[in-house]
Amino acid sequence: MNSQTRTKFKNLVIIGDSAFAEVACEYFTRDSEYIVVAFAVERIYLKSELLLGLPVVPLDEIAVRFPPTDHYAYVAIVYSQLNRLRSRLLRAAEQIGYAMASYVSSRAFVWPNVTLGKHCFIFENNVVQPFVTIGDNVVLWSGNHIGHHSHIADNVFVSSHVVISGFCNVGSNCFLGVNVAVGNNVSIARDCWIGPGVVITQDTKEAELYRGPAAEPSKVSALRFFRVKD
Numbered sequence: 025m026n027s028q029t030r031t032k033f034k035n036l037v038i039i040g041d042s043a044f045a046e047v048a049c050e051y052f053t054r055d056s057e058y059i060v061v062a063f064a065v066e067r068i069y070l071k072s073e074l075l076l077g078l079p080v081v082p083l084d085e086i087a088v089r090f091p092p093t094d095h096y097a098y099v100a101i102v103y104s105q106l107n108r109l110r111s112r113l114l115r116a117a118e119q120i121g122y123a124m125a126s127y128v129s130s131r132a133f134v135w136p137n138v139t140l141g142k143h144c145f146i147f148e149n150n151v152v153q154p155f156v157t158i159g160d161n162v163v164l165w166s167g168n169h170i171g172h173h174s175h176i177a178d179n180v181f182v183s184s185h186v187v188i189s190g191f192c193n194v195g196s197n198c199f200l201g202v203n204v205a206v207g208n209n210v211s212i213a214r215d216c217w218i219g220p221g222v223v224i225t226q227d228t229k230e231a232e233l234y235r236g237p238a239a240e241p242s243k244v245s246a247l248r249f250f251r252v253k254d
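Numbering of the sequence shown is given in the working numbering, commencing with residue 25 and proceeding in unit increments.
Next up, the structure:
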């Protein structure tokens, strides 16, 4: 389904002005029933009055200019402070009175019996298998595999091309970097940061930080290795 076949009737304010806010605006505009009408940021971080041709307003004025009675909100913040910033702004928007939007790409495969919480963003090419539960305020960037019977708790950010196998649990506030792989029946405790390319085959403890080995440049140049002669 694309923007030509979806009926647009829900006004949306995006909270944030980062690259994710711009990306979220593009996805909501072209592949959802929402119409993005403005961005909002906390007053101290207001840098410009326009973004992508739309107004950027201080968060403390948002309810006056874009009332929650006829506008939705989405907080387009990545994993700053282990997802605490996105979570805090979500609570602030709800306290103002906004209903929170979610986005699920028309090009994602989400099995019908998946339980999906509020305020989630699921990009294209995600595969979410049967009996998965996903909590509130979760971001699944492009191309992940979420295996059957797995559970992702609230406030989690999953980067691209992550594999979470069957019967796994991912605790609240976790971050999983690009190309992380999680084996079957593994539980990742809350507040863990799993760096790019890390393989997790056993349960973690709370607030553990995993960094995979960084690649080191070879002493032999690429030109020499491939016998390139210019």
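Quick reminder that beta carbons are idealized off the backbone N, C-alpha and C, glycines included.
| Asked | Found |
| --- | --- |
| Contact set for residue 32: own chain, Cβ-Cβ below 6 Å, skip 5 residues either direction | 57 and 59 |
| Contacts around residue 253, its chain only, beta-carbon distance under 7 Å, and the 5 residues preceding and following it disregarded | none |
| Boundaries of the beta strand (DSSP E) in which residue 97 is found, first to last residue | 96–99 |
| Residue 47 in three-state terms, based on DSSP | helix |
| Sub-8 Å separation of residue 97 and residue 180 beta-carbons | no |
| Proximity winner among 219, 224 and 242, relative to residue 192 (alpha-carbon distances) | 224 |
| Identity of the residue in 91, 87 and 64 nearest residue 76 by Cα | 64 |
| Three or more C-beta pairs below 8 Å linking the stretch 131–148 and the stretch 159–175 | yes |
| Closest by C-alpha distance to residue 236, when choosing among 249, 230, 247 and 219 | 219 |
| The stretch 117–133 contacting the stretch 205–221, beta-carbon criterion three pairs below 8 Å | no |
| Inter-residue spacing [alpha-carbon to alpha-carbon] between residue 229 and residue 216 | 8 Å |
| Per DSSP, cross-strand counterpart(s) of residue 234 | 218 |
| Residue 116, DSSP secondary structure in three states | helix |
| Span separating the alpha-carbon of residue 11 from that of residue 202 | The question about residue 11 has no answer here: the residues shown for the chain are numbered 25 through 254. |
| CA-to-CA distance, residue 152 to residue 127, given in whole angstroms | 14 Å |
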